[in-house]
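Working notes for the structure below.
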Amino acid sequence: MSATAPSVLRTTLATLLSHYRRHPGQLVMLLLGLWVASALWSGVQAINASARESYDRAEALFSADLDRITRRDGAALTLDDYLDLRRAGLPVSPIIEGELPLPNGKSDGERLTLIGIEPLTLPSGASLAQQDGDANALRDWLIPPYRMRVAPDTLEQVRTLNSLPPLEITPDLPPATLVTDIAAAARLLDMDRGITRLVIAPEHDVELPSAFVRTSPDALASPGQLADSFHLNLTAMGLLALVVGLFIVHAALGLALEQRLGLLRTLRALGVPARTLILALGLELLLMGSIGALLGIVSGVILAQLLLPDVAATLDSLYDTTVSDTLNLPWYYWLGGVAITLGGLFSAGASMLWRASRINVLGLGQAQAWRGRLRGQLRVQLLFGGVLLAGAGFLWWYLASTAGRQDLALGFTLVALLLLGAALCLPPLLAGLLGLLARYLPRRAALLQWGVADLQLQLPQLSLAMMALLLALSANLGVGSMVGGFRLTFLDWLDQRLLADLYVRPAAEQFEDLEAWLKERSEVATLLPARSTEAELIMNGKNAGPVALFGIAPKLILRDSWPLLDTQDGYGAAWRDLIAGAAFINEQLARRQGLAPGDRVQLQGPTGLVTLDIAAVYPDYGNPRGEITLPVARLAREFQAPSGTLGVVLAPTQDRERTLTRLQDALSARFRLADNDASLIDQQALKQLATEVFERTFTITRALNALTLGVAGLALLTTLLAQAEARRAQLAPLWAMGVSRGRLVRLQIGQLVMACLGTALLAIPLGLLLTGALVAVINVAAFGWRLPLHVFPAQIAMTVALAVVVAIVAALIPAWRLRRVPPRQLLQEFAAA
Amino acid sequence: MKRLLAISLLFILMLTLGWQFWPEESTTATSYAGLGESSGDFRQARPGTVLSFPEDHGPHPDFRIEWWYLTGNLVAEDGRHFGVQWTLFRQAMAPSDPQQNGGETPWTSRQLWMAHAALSTPQDHRFSERFARGGVGQAGVKTEPFDAWIDNWSLRSVDDTAGFDRLMVTASGDDFGYRLTLDAQGPLVRHGQQGFSQKSADGQGSMYYSQPFFQVSGEVRVDGDPIAVTGRAWLDREWSSQLLGPTQSGWDWFSLHLDGGAKLMAFRLRGGNKNEEGSYLSGSWITPQGEIIPLKPDDLSLEPLEYQSVAGRDIPIHWRVQVPAYDLDVNVRARHPNQWMGTSFPYWEGMVDVSGSTAGEGYLEMTGYAGE
C-alpha cells in the first residue's frame with residue numbers, strides 16, 4: 008500500500024485536474040477569485056508595509072529622541088543664540104532644516120527635506136550621529152565639498168538637483184530626506200546665520216534662560232497614532248476585498264466539487280482510499296492557491312505602486328509624515344501575502360474537503376434532498392446573522408455610551424459584525440421575500456410563478472455572490488455617504504473659518520508697522536489678528552500633555568460665522584463669556600478629555616497656572632490636535648504667544664480680485680513680502696489647498712471601493728457562468744413546452760435583476776447604518792471629530808441602479824449563450840434532464 | 004611631550020571620531036601608523052624660527068596641530084593632593100581655507116577644536132571632553148587680552164594688562180569642576196633650539212615653549228563640594244604639522260617640579276629608531292631662574308620599573324628617571340594608577356610623586372599602550 012500510494016496519488020491528482028481541461032472556465036474563475044482577493048489585499052498590505060517602513064526610518068532619525076529648544080517669542084534662532092547657550096555651558100546642538108524644491112518633480116511642490124547637522128556637538132545618543140569610522144569620514148563631512156547622506160529610494164530625485172555635495176547612501180534615512188553638514192545646508196538653504204532649531208539630549212537637565220522654551224519629543228504632535236488609523240482604514244478595506252474575493256473562490260470550488268461528485272465516487276469505487284482522495288484535493292488547492300497568490304501578490308504590488316503616490320501625498324499633507332513613494336517591501340510582506348491567500352483558500356476549501364471526505368460511494372444525485380436541507384441551513388444562517396447583528400448593536404451602544412477616547416479597533420469590529428451579520432441574513436431574507444412574492448403572484452401568471460420558484464431553487468448557488476454584492480453595495484453606499492457628508496460639512500466649515508480675504512504672516516519685527524499700515528488702507532474693512540502657541544494642559548492636577556492654543560479677535564464679523572457645536576447658554580452668551588475670560592475648546596479636545604461647556608481646565612503657561620472656564624465646543628475638522636481658543640490679546644499677554652497672522656477682510660468692493668491683487672502688490676513692495684512664500688496667503692489658495700488635501704484623503708478609499716464593487720460583480724458573473732450549463736438543462740423543458748428562447752432569456756435576466764434588486768434594497772439600510780458607524784464611531788476614534796449624518800437620495804438611487812446594471816451585465820453572457828444554443832442541443836439536454 | 008599625545012589625539016580624532024566613542028580596541032599601536040603621514044601643504048616647524056609674543060600665544064592656523072596644555076599639582080588645606088588638566092587642541096583639516104567662491108557660510112571652517120579637562124582626586128579621576136568647529140566662535144584663542152575657550156571652559160588673562168602672566172582657568176564636567184588663578188613666578192622657556200623641538204632622529208619636530216612657573220590658587224569642586232587648593236602648574240604650547248616618525252608608536256612624557264626650584268621636561272618616543280629597542284629620548288633642564296638646557300638622547304634615561312593593569316592595558320606607573328649631568332636619579336610614581344582619560348582617544352595622564360636624589364611632584368602622560 009505504502010509503495011503504491013505515490014503513484015495512486017499521482018493518478019488521482021491527474022484525474023481530478025483533468026476536470027479543468029474540460030471546464031477551463033472553472034479554472035479561470037477559481038484563479039480569478041484567488042487573484043482579485045489576494046491582489047487587493049496584498050496591494051493594501053504593500054502600501055501599509057511600505058509606509059510603516061518609512062515611519063520606522065523617520066522615528067529612528069535623530070530628531071525623534073532629542074528635546075528641541077526654540078525662542079519663546081517665536082523669533083527665528085540665530086548663530087548668536089547658539090553661541091550664547093554654548094558659552095553658558097548648555098550642551099545644545101544646532102540644526103538647520105529646510106526644503107529643497109525639485110526642479111522637475113512629478114507633481115507641483117515636490118520637495119526634499121534638507122537637514123544640516125553639527126556632528127561635533129550633536130548628542131551622541133542621536134542615531135543621526137552614527138557613522139562608520141572610516142578614516143577621513145569626519146574630515147570629509149566637515150569641509151568642502153562636504154558629504155550628503157541620502158536613502159537609496161531618494162537617489163533618483165536627488166540627482167535632479169545641481170551643486171550638491173557628493174552623496175553617501177544611507178538606507179536607514181527617511182525618504183525624501185537629505186542630511187549634510189550644517190555649513191553645506193546653510194549654503195543650500197541660504198540661511199546665513201539662521202538656525203532652525205537647537206536640540207539637546209533629554210537627559211541633560213539644565214536651566215534654560217527664560218527667552219527659550221524646551222519641548223520634549225513626545226510632546227510634539229505625534230503623527231503615529233493618526234497615521235495608524237489611516238492604515239487601519241486601508242487594512243479594513245483590503246480585508247473587505249479579500250472576503251469578497253474569497254466568496255468567488257468558495258463558489259468556484261463548490262461548483263468544481265459538485266460537478267466532480269460522480270468522478271469522486273468512481274475513483275472511490277475503483278479503490279482509491281478516502282485519505283488519498285482528500286490529499287489529492289488538498290494538493291490541488293495548494294497548487295491553485297500558490298498560483299493565485301503569486302498572481303495576486305504581483306498585481307497587488309503593481310496596484311500599490313499606482314496608489315502609493317496618492318497615499319504618500321495624503322499622509323504628508325494630513326499628518327506631516329513623509330512616506331516614500333516607491334515601495335520598500337520587507338521580506339515578511341511576501342511571506343504574509345502568500346500565507347493569507349493560502350489561509351483564505353483553505354478556509355474556503357475546507358467545506359469542500361469535508362464534503363468530499365463523506366462521499367457515499369453508492370449514493371446517487373440527490374438534488375431534491377438539497378431543498379430540505381436548505382431550509383435548515385437558512386434558519387441557521389439567520390440565527391448566526393441575528394447574533395452578529397445583536398453583537399454589533401451592543402457594541403454600538405457601548406461605544407456611544409463611553410465618552411472620551413474611543414477605540415478604533417472596536418469601531419472596525421462593529422463594522423465587521425454589522426456587515427457579516429447582514430450578509431448571513433441575506434439568503435434567508437431573500438428566500439422569505441421570494442416566498443411572499445410567490446404567494447401574492449397571480450395564479451395565472453404561470454411563467455412568473457415558475458420564475459420565482461426557480462429563483463428560490465437557485466438561491467443556494469447564488470447566495471454567496473449575492474452576499475458579496477451586498478457587502479460591496481453597502482460599503483459603496485456607506486463610504487460614499489461619508490465622503491459626501493464630509494465634503495459638505497468640511498467645505499462649509501472652511502468657508503466659515505476662512506473668512507478673511509488675505510492672510511499675512513509678517514516677521515515679528517514688522518508686525519506692528521504692518522498692522523498700522525493695513526489699518527490705514529481704505530480697502531481694508533477689518534483686521535483679524537490670530538496667534539498660536541502651546542501650553543501644558545493640567546487635568547485633575549496631573550499634566551495631560553501639551554495642547555495647542557489659538558488666539559482669535561472676537562470681532563462681530565468673526566462671531567457671525569464661527570460655528571460652535573455646543574455651548575452652555577447659547578451662541579451669544581458663549582462669545583460674551585469668551586471676551587469676559589472663558590475659553591472655547593475644539594471637538595477633539597472635548598472628546599479626548601471628556602470635557603463639555605461649563606467644565607474647567609488649567610493650563611501651565613510661561614506666567615504660571617491659568618484656570619479657564621469652557622464656554623463652547625467648536626468643530627475643527629482636519630486638525631489632529633486638541634486646541635483651546637482664547638482672545639488673541641490674552642494669548643499674547645498670558646502665554647507670550649509670538650506674533651502670528653493678520654487676516655485682512657476687504658471692504659465691500661466691485662472687483663474683489665483687483666482690489667486683492669493691488670493690496671498684495673502694495674504689501675509686497677512696502678514690506679517685501681512675497682506671495683510665493685508662506686508670509687502672504689490668499690484665502691482662495693488656502694481653500695484650494697485644503698480641498699486638495701481632502702480630495703486626496705479619499706482617493707484611495709474610493710479607488711478600493713470601486714474595485715470591491717467590481718470584484719462583487721465578477722463574483723456574480725462567474726457564479727452564473729459556472730452554472731450556465733446546468734441551468735440550461737433546467738430551462739430545456741420550458742423551451743420544449745413552447746416558451747421561446749427570447750422569453751427564456753428575459754425571464755432569466757428578470758430573475759437575476761429581482762435578486763439583485765432585493766439585495767440592493769437590503770443594502771440601503773445596511774449602507775446607512777454603515778455610514779452612521781463611520782461618521783459617529785470610526786471618524787471619532789480615528790480623527791477626533793464627528794460628522795453630521797447626511798443622506799444622499801441620488802446616491803442611493805445610483806447604488807440601486809448600479810446593482811441592476813451589474814445583474815444585467817452578469818446575466819447577459821449566459822443569456823446570450825442560451826440564445827445561441829442550437830435547438831438540437833437543447834433537445835439533447837432536455838432528454839438528459 | 005604630552006604634545007605627542009595631543010598630536011595623535013587629534014590625528015586619531017580625525018581617523019575615528021566616528022562621531023561617537025571609538026572602541027578602545029582600535030587604539031592599538033597600529034592606529035598610530037597614520038601619525039607619520041605626509042603633511043602635504045601645511046606649514047612646517049623649522050629650526051631658526053623666532054618666537055614672538057604675544058602673537059605666538061595665539062593660533063597658528065596653517066600648521067596642522069596645536070595645543071594649549073595646562074597641568075597642575077594642587078594640595079588642599081587638609082593635605083589631600085589633587086591634579087588638574089586643561090587642554091585645548093586645534094587641528095586644521097585642510098592646508099588652506101576653503102575657496103571663497105561665494106556661497107560660504109559662517110559655519111564653513113577648516114579648523115576643528117577639541118578640549119579635555121580632568122580632575123584627579125586622591126581616590127579617583129574625573130574627566131570631560133568637548134568638541135567645536137572653528138569659525139563660528141564656539142571655541143578659539145585670542146591674544147589681546149589672552150583668551151582660549153571652548154563653550155564655558157576657558158583659560159584667559161585675569162585682566163587686560165595681565166598678559167600671559169596672570170591667567171584664570173575654568174572647566175567643569177558632570178561630577179567635577181575647577182576655577183583657578185595662575186600666577187607666573189618665572190619666564191617663558193623655549194625648548195630645543197630656541198623653541199624648535201626635535202621629535203625624531205631624522206629631524207622633524209615642533210615649535211614648543213612652556214610656562215612651568217605658575218603658582219596656583221583657587222577652588223576645585225568634587226560632586227559639587229568646593230575645596231580650596233593651592234599648588235603649581237605647568238603650561239605647554241606646541242604646534243606642528245608632523246611630529247612622529249613613521250614607526251613611532253607612542254610616548255611617555257614627564258613634567259616635573261623638583262624641590263629647590265628646578266624643573267625637568269623629558270620624553271621618550273617609543274620605537275622611533277631603526278633598531279627595535281631604540282626610542283627617541285629628549286628633554287629640557289630648567290633652572291630655578293628659567294634658564295633652559297636642552298638634554299640630548301644620551302643625557303638622560305627613562306626606565307619603567309613597575310607595570311599595572313589600567314583600563315585593560317599594562318601601563319608603567321613607576322619609573323626611574325636619571326639625568327647624570329645634574330645628579331638626578333629619582334623614582335617617579337603615579338599617586339594612584341587610576342588616572343585614565345577615557346576620552347574619544349584614551350590615554351593615561353595624571354599626577355606623580357618624585358622621590359630619590361631629590362623630591363618633587365609633577366605630571367606624567369603615557370599613550371599608545373595597546374589594550375588586550
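Chains as they are written, first to last, in our numbering: chain A, 8 to 840; chain B, 4 to 375.
Glycine is no exception: its CB is placed at the ideal position from the N, C-alpha and C atoms.
All values derive from a computational prediction rather than experimental measurement.
Partner residues in the beta bridge of B:G365, as assigned by DSSP, are B:L259 and B:V355. For the stretch 136-164 of chain B, the set of positions with a beta-carbon nearer than 8 Å to some beta-carbon of chain A reads R136, V139, G140, Q141, W152, D154 and N155 in chain order. Counting only unbroken stretches of 3 or more residues, the beta strand (DSSP E) elements lying wholly within the stretch 510-579 of chain A are 531-546 and 549-559, in sequence order. By the neighbour-count criterion, in which 16 or more other beta carbons inside 10 Å mark a residue as buried, A:Y447 falls on the exposed side.
Nearest to A:P561 by alpha-carbon distance, out of A:G579, A:A555 and A:K549, is A:G579. Bridge pairing for A:T184: A:T120 [DSSP].
Taking C-beta atoms under 8 Å as the contact rule, A:T666 and A:L657 qualify, at a distance of about 6 Å. In the DSSP annotation of this structure, the continuous segment of the beta strand (DSSP E) that includes B:W70 starts and ends at I68 to A79. Of all C-beta pairs linking the stretch 803-821 of chain A to the stretch 493-508 of chain A, fewer than three are shorter than 8 Å, placing the two stretches out of contact.
For A:R644, the uninterrupted alpha helix (DSSP H) run begins and ends at V639 to F646, by DSSP. A direct Cα-Cα distance of roughly 15 Å separates A:V308 from A:D317. Secondary structure of A:R446 (DSSP, three-state): helix. Put simply, the CB of B:F45 is far from chain A, with every gap to its CB atoms at 8 Å or more.
Per DSSP, B:F348 is not a residue of any alpha helix (DSSP H), being assigned neither H nor E.
DSSP assignment within the stretch 153-180 of chain B yields the following whole beta strand (DSSP E) runs of 3 residues or more, N-terminal first: 156-160 and 169-175. Not a single C-beta of chain A is nearer than 8 Å to the C-beta of B:T74. Residue environment for B:T74: buried (at least 16 other C-beta atoms within 10 angstroms of its C-beta). Taking C-beta separations shorter than 8 Å and ignoring five residues to either side along the sequence, the partners of A:L302 in its chain run L38, L41, W42, S45 and A46, following chain order. Residue-level contact by beta carbon fails for B:F216 and chain A, as no gap is shorter than 8 Å. Collapsing the DSSP output to three states places B:A269 in a strand.
Within 10 angstroms of the beta-carbon of A:Q465 lie 16 or more other beta-carbons, which makes it buried. With respect to the 8 Å criterion, A:L441 and A:G356 are not classified as neighbours on the basis of their beta carbons. Minimum Cα-Cα distance from A:A743 among the listed residues A:R94, A:L834 and A:G765 corresponds to A:L834. Between the alpha carbons of A:Y340 and A:L714 lies a distance of about 22 Å. Using beta-carbon distances, B:W351 does not count as an interface residue toward chain A, since no partner is under 8 Å. Taking a C-beta cut-off of 8 Å against chain A, the contacting residues of the stretch 105-134 of chain B are G106, E107, T108, P109, W110, T111, S112, R113, L115 and F134, listed in chain order. For the stretch 86-97 of chain A, the residues whose beta carbon sits under 8 Å from a beta carbon of chain B are, in order, L86, Y89, L90, R93, R94, A95 and G96. At a cut-off of 8 Å between C-beta atoms, B:A97 counts as an interface residue with respect to chain A. The Cβ atoms of B:W71 and B:L158 sit closer than 8 Å to each other. Selection A:T19, A:L24 and A:Q33 evaluated against A:A722 yields A:Q33 as nearest (Cα-Cα). If the five residues before and after A:R118 are omitted, its C-beta is found closer than 8 Å to the C-beta atoms of E106, L107, P108, L109, G112 and A183, all from its own chain and listed in chain order. Under the Cβ distance rule, A:E214 does not count among the residues neighbouring chain B, no pair being separated by less than 8 Å. Contact between the stretch 595-615 of chain A and the stretch 539-548 of chain A is established, with three or more Cβ pairs separated by less than 8 Å.
Secondary structure at B:H128: strand, using DSSP grouped into helix, strand and coil. Measuring C-alpha to C-alpha distances from B:D226 to each of B:S112, B:G86 and B:S175 identifies B:S175 as the nearest.
Proximity of A:A190 to chain B, defined by a Cβ-Cβ separation below 8 Å, is satisfied.
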